[in-house]
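Peer 1: In my numbering, the protein residues as written are 1467 to 1746.
Quick reminder that beta carbons are idealized off the backbone N, C-alpha and C, glycines included.
Got a structure for you, written out below as structure tokens; questions coming shortly.
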Amino acid sequence: MIRCKDIHKSFGEKEVLKGISFDIPNGKIFGLLGPSGAGKTTLIKILTGQLDFEKGEAYILNKDVSKLTGEDKADIGIMMDQFGVYERLSCMDNLKIFADIYGIPKSRIIETLALVGLEDAINKAASDLSKGMRVRLQLARVFLNTPSILFLDEPTTGLDPMTQKLIHKIILDKKESGCTIFLTTHNMEEAAKLCDEVALLNEGVIVDSGSPKDICRRYNHQKKILIHLTSGKDMEFTHDGKCAEQICRLMEDGKIETIHSSEPNLETVFLELTGRKLED
1467 MIRCKDIHKS
1477 FGEKEVLKGI
1487 SFDIPNGKIF
1497 GLLGPSGAGK
1507 TTLIKILTGQ
1517 LDFEKGEAYI
1527 LNKDVSKLTG
1537 EDKADIGIMM
1547 DQFGVYERLS
1557 CMDNLKIFAD
1567 IYGIPKSRII
1577 ETLALVGLED
1587 AINKAASDLS
1597 KGMRVRLQLA
1607 RVFLNTPSIL
1617 FLDEPTTGLD
1627 PMTQKLIHKI
1637 ILDKKESGCT
1647 IFLTTHNMEE
1657 AAKLCDEVAL
1667 LNEGVIVDSG
1677 SPKDICRRYN
1687 HQKKILIHLT
1697 SGKDMEFTHD
1707 GKCAEQICRL
1717 MEDGKIETIH
1727 SSEPNLETVF
1737 LELTGRKLED
């Protein structure tokens, strides 16, 4: 559904993207993970035809992005920053504008607002919405024409945990309905929870990619098992057969409260590969 091959993009003398390549199959969530300024938003703008690039190939819906028709673009939903929110208009009137653009019946508006949990805020002005409700209004605009591809640029930044959880459920529900989703984030927990595959982007280069679990396993240098006993004591074992008998005995005696392996998380992997934190 989405493919990049050796994409290069510069602004003046600064090269922002330095040979980006990946493929995203239909119906998957792909996460582009990196700190602010890494080039995530630039790549979205290239893939959606908002920006030109100097070198490489970019395809979406099996078409060169430079040759997308209006009909093709109507099958693509984009959520970026405050794009598409009119402050003085109500939630209903905000969506009416886009319903007219796409030729969508007004009945679809109420249906879409209910989908994101805004059915009780239909007549509320966008300027009076909380940050979480505002994000949901943006998602409603994106979902209005039922696109098959979604580009979501850091959709949960600055939201409280409960609202993040709600947005995550909406995103996963969209995946279940068959959508292909391109998600940018610097939240490694979000990426691990939502994404089938992630690419770690740093200074315009993908430093590694794969499923979140596979990436973390690749950088599990310690290979240890961490056990917390019912007595409150913590124990550490090497990840090999030598300690199996001792661990088995602790389990048989009912002394183990929790047991974990030592794989790093995506944040730790990114720090190891780049020397920077994802929140930089």
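Terminal residues of the continuous beta strand (DSSP E) containing I1417?
Peer 2: It is not possible to answer for residue 1417, since the shown part of the chain is limited to 1467 through 1746.
Peer 1: In the DSSP assignment, find the beta strand (DSSP E) that holds Y1727 and state where it starts and stops.
Peer 2: The sequence shown places Ser at residue 1727, rather than the Tyr named in the question. Element bounds for S1727: 1722-1727.
Peer 1: With distances taken Cα to Cα, identify the nearest neighbour of S1697 among L1527, R1683, L1716.
Peer 2: Comparing Cα positions, the closest option is L1716.
Peer 1: Look at the alpha carbon of F1617 and the alpha carbon of R1554, and state the distance between them as a whole number of angstroms.
Peer 2: Spanning the two alpha carbons is a distance of roughly 26 Å.
Peer 1: In the DSSP assignment, find the alpha helix (DSSP H) that holds Y1552 and state where it starts and stops.
Peer 2: Taken as a continuous stretch (DSSP letters only), Y1552 belongs to no alpha helix (DSSP H), as it is neither H nor E.
Peer 1: Can you find the residues in the same chain that come closer than 7 Å, C-beta to C-beta, to K1590, ignoring five residues on each side of it along the sequence?
Peer 2: For K1590, where only same-chain residues beyond five positions count, the Cβ hits under 7 Å are S1556, C1557.
Peer 1: Can you tell me where the beta strand (DSSP E) holding E1656 begins and where it ends?
Peer 2: Premise fails: E1656 lies in the alpha helix (DSSP H), 1654-1660, not in any beta strand (DSSP E).
Peer 1: For R1742, I'd like the list of residues in its chain whose CB is within less than 8 Å of its CB, leaving aside the five on either flank, ordered along the chain.
Peer 2: Here the set comprises P1501, N1668, F1736.
Peer 1: For a test of the three-state rule: what should DSSP assign to G1485, helix, strand or coil?
Peer 2: Residue state, collapsed to three classes: strand.
Peer 1: Please state whether DSSP places F1496 in a helix, a strand or coil.
Peer 2: In the structure shown, F1496 sits in a strand (DSSP, three-state: E or B).
Peer 1: Leaving out the 5 sequence neighbours to the left and right, which residues in its chain are closer than 6 Å to K1484 when beta-carbon positions are compared?
Peer 2: Cβ neighbours of K1484 beyond the five flanking positions: G1670, V1671.
Peer 1: Which whole runs of the alpha helix (DSSP H) in the segment 1580-1612 are 4 residues long or more, in chain order?
Peer 2: Whole alpha helix (DSSP H) segments, 4+ residues: 1597-1609.
Peer 1: Tell me, which residues are paired with M1701 by DSSP?
Peer 2: In DSSP, M1701 forms a bridge with I1693.
Peer 1: Expressed to the nearest angstrom, what Euclidean distance is found between the alpha-carbon atoms of A1606 and T1646?
Peer 2: For A1606 and T1646, the distance between alpha carbons rounds to 17 Å.
Peer 1: At which residues does the beta strand (DSSP E) containing L1534 begin and terminate?
Peer 2: L1534 -> no beta strand (DSSP E), and no H or E assigned at all.
Peer 1: At the level of alpha carbons, what is the spacing between G1550 and Y1568?
Peer 2: Between G1550 and Y1568, the C-alpha separation is close to 14 Å.
Peer 1: Taking the continuous beta strand (DSSP E) assigned at M1545, which residues delimit it?
Peer 2: First-last of the beta strand (DSSP E) with M1545: 1542-1545.
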